[in-house]
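Per the UniProt record's numbering, the sequence shown runs over residues 1 to 169. One structure below.
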Amino acid sequence: MHSKGFVFATVLLGFMAVVLTTLAYFRGDGAHIEGLKSAFRLTLNILPLIFFAMIIGGMIQILIPKDLIMNWIGSGSGIRGVVIGSLAGVITPGAPYVSYPIAAALIQSGAGIPTIISFVTSWSLLSATKIPMEMGILGINFTFFRLLCTFLFPFMAGIIALLIKNLIR
Numbered sequence: 001m002h003s004k005g006f007v008f009a010t011v012l013l014g015f016m017a018v019v020l021t022t023l024a025y026f027r028g029d030g031a032h033i034e035g036l037k038s039a040f041r042l043t044l045n046i047l048p049l050i051f052f053a054m055i056i057g058g059m060i061q062i063l064i065p066k067d068l069i070m071n072w073i074g075s076g077s078g079i080r081g082v083v084i085g086s087l088a089g090v091i092t093p094g095a096p097y098v099s100y101p102i103a104a105a106l107i108q109s110g111a112g113i114p115t116i117i118s119f120v121t122s123w124s125l126l127s128a129t130k131i132p133m134e135m136g137i138l139g140i141n142f143t144f145f146r147l148l149c150t151f152l153f154p155f156m157a158g159i160i161a162l163l164i165k166n167l168i169r
């Protein structure tokens, strides 16, 4: 069964796709056909990545014992889990369709929310696979300055999540 968030996101994206396709159709120049062709090509390019990310997520659930996850990054792991999540985000490659299935698999296997918040924040801000592209497009000075300004954010986000979790207990 899908979560309410998944259903909402699916309906929202579907609605946006229909609205944009309708707007393109009423342009009258066949833009909607070109847009659909482009979407199909993009889907063919991304589908293998999504497929393998889902396999990784499934294998994490099967191969990593739940007690290991609970001990190292479970809800009681505290700062250790936050540090591990922050470091794991740095080395996780790819786009959201790679990192989010991994995060979901870890949650389903017992990882603590503060750990996953650190992981996703770290992946978003510090993923080592994004840094070369950023340097190439935005320059080394900008990239260095941005990393200097944001490298503590994943850890801070995890600590804030720990504090909030402790407050609402």
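Glycine is no exception: its CB is placed at the ideal position from the N, C-alpha and C atoms.
Could you tell me the boundaries of the alpha helix (DSSP H) in which residue i lies?
i      : result
Pro101 : Pro96 to Gln108
Pro114 : Ile113 to Leu126
Ile62  : Ala31 to Leu63
Gly28  : Segment: none, Gly28 is in no alpha helix (DSSP H) and carries neither H nor E.
Within 10 angstroms of its Cβ, does residue i collect 16 or more other Cβ (buried), or is it exposed?
i      : result
Val98  : buried
Ile69  : buried
Phe51  : exposed
Val19  : exposed
Leu138 : exposed
Ala161 : buried
Ala9   : exposed
Phe119 : buried
Pro96  : exposed
Ile11  : First, the amino acid is wrong: residue 11 is Val here, not Ile. With fewer than 16 other Cβ atoms within 10 Å, it is exposed.
Gly89  : buried
Val7   : exposed
Ser86  : buried
Pro154 : buried
Ile140 : exposed
Leu106 : buried
To the nearest angstrom, report how far apart residue i and residue j are at their CA atoms.
i      : j      : result
Ala31  : Leu42  : 16 Å
Thr143 : Ile159 : 25 Å
Ala24  : Gln61  : 42 Å
Asn71  : Ser77  : 7 Å
Lys4   : Thr115 : 22 Å
Leu152 : Phe145 : 13 Å
Asp29  : Ile46  : 28 Å
Ile131 : Thr92  : 12 Å
Ile113 : Phe26  : 45 Å
Phe125 : Leu147 : The sequence as given places Leu at residue 125; Phe does not occur at that position. The straight-line gap from Cα to Cα measures roughly 8 Å.
Ile164 : Ile55  : 33 Å
Ile84  : Ile73  : 7 Å
Gly136 : Ser122 : 21 Å
Pro101 : Gly57  : 5 Å
Asp67  : Met59  : 16 Å
Thr150 : Met133 : 17 Å
Lys37  : Thr22  : 15 Å
I'd like to confirm the pairing. Which residues does DSSP put opposite residue i in its beta bridges?
i     : result
Gly74 : Ala111
Cβ of residue i versus every heavy atom of the ligand FMN: is any distance shorter than 6 Å?
i      : result
Leu152 : As presented, the structure is devoid of all ligands, the ligand FMN included, so that no description of it is given.
Discussion item. Extract the residue ranges of the alpha helix (DSSP H) inside the segment 132–157, only unbroken runs of 4 or more that lie entirely within it.
Written reply: 140–150
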